[in-house]
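As structure tokens, the structure follows; a few thoughts come after it.
In the numbering used here, the protein residues as written are 113 to 345.
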């Protein structure tokens, strides 16, 4: 029975000491906590959303960024007036240079066959959407008339008919520039092995242009009174 009483007194004494220690801790906590600690805002019981946190600002004093090796990283300012432009050095070799474009010359042009030609005058024809003038010749307009003695006759129409009758729709091979647009162009043409310009001038159905290779053929046609230089035909 005496032991029970001793244990009760010991428990009471320990409880009293615990109360005294708790009081001392509460009294000393005002020195540990910050004096102006904001209290959390009140939240309605019906709202379960958390309160957003306020942004935290760094209260430490700001310092400018430290410059490191500025004279090595940033180039010094240059005076443009002292800069002189010099010619570029020549290439070390020709292997890396682009070769100049070679322009095809008339003697290098491939012959183009023009099918079903139709003469529109004494030395002009149309074929495959192109209009070709026989180079080295002077055309006789279809409306031209010629006089021989006392006779006046439509030599222009007759010259065109003679050209059409000779080609008879056969293909003419002409030296045309490559990739030429479809417009009127003067070009030498061949019918088989016959030079078209030489045939027209030699038979008097066209005249030779100045400094043309057909000048002698026109002189022969005039002397022989061929084509437009002769009587009505």
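Ideal placement from N, C-alpha and C gives every residue a C-beta, glycine not left out.
{"query": "Separation of residue 239 from residue 346, as counted between CA atoms", "result": "Lying before the first or after the last residue shown, residue 346 is absent from the chain, which here runs from 113 to 345."}
{"query": "CA-to-CA distance, residue 289 to residue 263, given in whole angstroms", "result": "43 Å"}
{"query": "Continuous beta strand (DSSP E) stretch holding residue 285: start and end", "result": "284–287"}
{"query": "Environment of residue 199 [buried if 16+ CB atoms lie within 10 Å]", "result": "exposed"}
{"query": "Rounded Cβ spacing between residue 229 and residue 279 (contact assumed at less than 8 Å)", "result": "6 Å"}
{"query": "Whole-angstrom distance between residue 301 and residue 244, CA atom to CA atom", "result": "9 Å"}
{"query": "C-alpha gap between residue 256 and residue 268, whole angstroms", "result": "5 Å"}
{"query": "Range of the contiguous alpha helix (DSSP H) that encloses residue 279", "result": "267–279"}
{"query": "Whole-angstrom C-beta distance between residue 314 and residue 283, which should lie under 8 Å", "result": "That belief does not hold up - the Cβ atoms of residue 283 and residue 314 are roughly 22 Å apart, past 8 Å."}
{"query": "CB contact flag (residue 235, residue 253, <8 Å)", "result": "no"}
{"query": "8 Å Cβ cutoff met for residue 340 and residue 311", "result": "no"}
{"query": "Collapsed DSSP secondary structure at residue 312 in the structure displayed", "result": "helix"}
{"query": "Supposed contact pair residue 320 and residue 327 - C-beta distance, whole angstroms, cut 8 Å", "result": "5 Å"}
{"query": "Contacting residues, own chain, Cβ-Cβ under 6 Å from residue 225 (five flanking each side not counted)", "result": "283 and 285"}
{"query": "DSSP three-state assignment for residue 255, whether helix, strand or coil", "result": "coil"}
{"query": "Alpha-carbon to alpha-carbon, residue 202 and residue 324", "result": "47 Å"}
{"query": "Where residue 259 falls, given that 16 or more other Cβ within 10 Å makes a residue buried", "result": "exposed"}
{"query": "Reference residue 277, options 231, 248, 195 and 204, closest by Cα", "result": "231"}
{"query": "Span of the alpha helix (DSSP H) around residue 335", "result": "327–335"}
{"query": "Helix, strand or coil at residue 223 [DSSP, three-state]", "result": "strand"}
{"query": "Buried versus exposed, by CB contacts within 10 Å (16 or more), residue 270", "result": "buried"}
{"query": "Nearest-angstrom Cβ-Cβ length linking residue 205 and residue 249, presumed shorter than 8 Å", "result": "With a Cβ gap of about 51 Å, residue 205 and residue 249 do not count as contacting."}
{"query": "Residue 239 in three-state terms, based on DSSP", "result": "strand"}
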